[in-house]
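Down below is the structure, laid out as structure tokens.
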Amino acid sequence: MAEQRITAASSAVHATVYRTFLAVLSTHGRCGCLTDTHMARLFAAAQAKGESARHCTDAWTNARTRLGL
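48 is the number that UniProt numbering gives to position 48 of the sequence shown; each next residue is one higher, with no gaps.
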């Protein structure tokens, strides 16, 4: 579902990616069920919409920091 949210974004892709990362991390960031494969799929969806790897990493890090992870 998170990948679909990113894929469906027609504008404000960067903001959509960040909000999606926040949602995913707030739900699964502390329980340990979020795998590297999940993260890679989210990053791939964002990069397919034009986000750079650096922007993905920055958005992920910023979301983790905001949530205190």
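C-beta atoms are modelled at their ideal positions from N, C-alpha and C, and glycine is treated no differently.
Secondary structure at residue 56: helix, using DSSP grouped into helix, strand and coil. Nearest neighbour of residue 1 by Cα position, chosen from 14, 39, 31, turns out to be 39. Secondary structure note for residue 5: its alpha helix (DSSP H) is the uninterrupted segment 2-8. Residue environment: residue 67 is assigned as exposed (fewer than 16 neighbouring CB atoms within 10 Å of its CB, all protein chains considered). Taking all protein chains shown into account, residue 33 has fewer than 16 neighbouring C-beta atoms within 10 Å of its C-beta and is therefore exposed.
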